[in-house]
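Numbering (the working numbering), first residue to last: 90 to 309. Don't be surprised by glycine CBs; every beta carbon is placed ideally from N, CA and C.
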Ligand SMILES: NC(=O)c1ccc[n+]([C@@H]2O[C@H](COP(=O)([O-])OP(=O)(O)OC[C@H]3O[C@@H](n4cnc5c(N)ncnc54)[C@H](OP(=O)(O)O)[C@@H]3O)[C@@H](O)[C@H]2O)c1
């Protein structure tokens with residue numbers, strides 16, 4: 090099996106890439122140096138390179154993201170919006186657009202790594218929440234576009250790559266009393282890879298964070 094992982098040099102993406110390799114996938118793990126995925130031309134070049142090097146694509150995981158920066162409302166700039174929308178919203182679309190023919194040929198799967206922020210109005214992260222909501226919609230749009238040959242799903246993680254000094258507080262905000270890991274996200278990807286009747290939906294991997302009472306008034 091052959092996989093491209095964008096954001097494969099980041100905290101979540103590198104963990105996903107390692108796990109896929111351990112499960113027998115051949116993986117191209119891409120970072121920013123492999124192209125700016127907010128640009129259609131770079132997204133297409135990266136996907137074509139991956140398909141050539143790997144001999145096709147069975148799985149594309151889009152874990153590239155940028156612009157997760159807290160800002161009070163008055164301080165949000167156009168640059169903040171461009172960063173948040175770039176790799177997350179535009180990148181999801183252009184990677185999906187470029188990968189469509191390869192995934193149709195292999196009857197493969199595109200997974201967009203979303204965020205519980207798609208469903209939460211965090212005032213300090215307005216561009217990020219909006220970009221994540223856009224991305225969650227693209228999961229559904231692209232699923233319709235690539236069907237019936239290929240599938241598109243989202244995974245909305247909660248706290249899965251948390252700074253060490255934040256672990257205790259973030260763990261207390263989940264129903265399960267722990268933070269997650271990139272491996273928890275990889276488990277969900279491996280499930281989706283074999284779930285042939287699942288498309289156009291997002292799997293929340295958050296330890297119950299969205300449902301927890303303790304975090305109701307909080308933002309990350
Ligand atoms: N961390 C969490 O707990 C958590 C929770 C929920 C959702 N998520 C989501 O998971 C995704 C990854 O998060 P992370 O924590 O792993 O972030 P991260 O450590 O900051 O990694 C971001 C990755 O995206 C790449 N990237 C950024 N902008 C790019 C661009 N314009 N073009 C191409 N690649 C670009 C980076 O490449 P370079 O390494 O070259 O800079 C890096 O590989 C994000 O969408 C995030 O919203 C994360």
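**OP:** For residue 223, count neighbouring C-beta atoms within 10 Å of its own C-beta (all shown protein chains included) and say buried if the count is 16 or more, exposed if not.
**Re:** For the purposes of this step, residue 223 is taken as the residue at position 134 of the chain shown. Flag for residue 223 reads buried.
Subject >> Test item: CB-CB of residue 117 and residue 93 under 8 Å >> reply: Reading the chain shown from its first residue, position 28 is the one you call residue 117. Reading the chain shown from its first residue, position 4 is the one you call residue 93. Cβ distance < 8 Å, so residue 117 and residue 93 count as in contact.
**OP:** Give the straight-line distance between the Cα atoms of residue 206 and residue 281, rounded to the nearest whole angstrom.
**Re:** For the purposes of this step, residue 206 is taken as the residue at position 117 of the chain shown. For the purposes of this step, residue 281 is taken as the residue at position 192 of the chain shown. C-alpha separation (whole angstroms): 21 Å.
**OP:** Give the straight-line distance between the Cα atoms of residue 219 and residue 204, rounded to the nearest whole angstrom.
**Re:** Numbered from its first residue, the chain shown carries residue 219 at position 130. Numbered from its first residue, the chain shown carries residue 204 at position 115. Distance between the alpha carbons of residue 219 and residue 204 is about 11 Å.
Original post:
Quick one: Cα of residue 284 to Cα of residue 184, how far?
Top reply: On the chain shown, residue 284 is found 195 positions in, with the first residue counted as 1. On the chain shown, residue 184 is found 95 positions in, with the first residue counted as 1. If I take the Cα positions, the gap works out to 22 Å.
Original post:
Would residue 237 be called buried (16 or more neighbouring beta carbons within 10 Å of its own) or exposed?
Top reply: Along the chain shown, read from residue 1 onward, the residue named residue 237 stands at position 148. Residue 237 comes out exposed.
Subject >> For residue 165 and residue 216, believed in contact at Cβ under 8 Å, the rounded distance >> reply: In the chain shown, the residue the question calls residue 216 occupies position 127. In the chain shown, the residue the question calls residue 165 occupies position 76. Yes, residue 216 and residue 165 are in contact; Cβ-Cβ is about 7 Å, under 8 Å.
Original post:
Looking at residue 126 and ligand 1, is the gap between the Cβ and the nearest heavy atom below 7 Å?
Top reply: Counting from one through the chain shown, the residue named residue 126 turns up at place 37. Indeed, a heavy atom of ligand 1 lies less than 7 Å from the Cβ.
Original post:
In terms of alpha-carbon separation, which member of 90, 212, 96, 309 lies closest to residue 202?
Top reply: Numbered from 1 along the chain shown, position 113 holds the residue referred to as residue 202. Among 90, 212, 96, 309, the Cα nearest to that of residue 202 belongs to 96.
**OP:** Check whether the Cβ of residue 293 lies closer than 7 Å to any heavy atom of ligand 3, and answer yes or no.
**Re:** Judged by which ligands are present, ligand 3 is missing from the structure shown, whose ligands are ligand 1.
Subject >> residue 202 beta carbon near ligand 1 (any heavy atom closer than 7 Å) >> reply: Residue 202 sits at position 113 when you count from the first residue of the chain shown. Yes.
Subject >> residue 273 versus residue 244 - alpha carbon distance >> reply: As a first step, residue 273 must be located in the chain shown, where it is residue number 184. As a first step, residue 244 must be located in the chain shown, where it is residue number 155. Distance between the alpha carbons of residue 273 and residue 244 is about 11 Å.
**OP:** For the alpha helix (DSSP H) holding residue 243, just list the boundary residues, first then last.
**Re:** Taking the first residue of the chain shown as 1, we reach residue 243 at position 154. Run containing residue 243: none in the alpha helix (DSSP H); it sits in the beta strand (DSSP E), 240-246.
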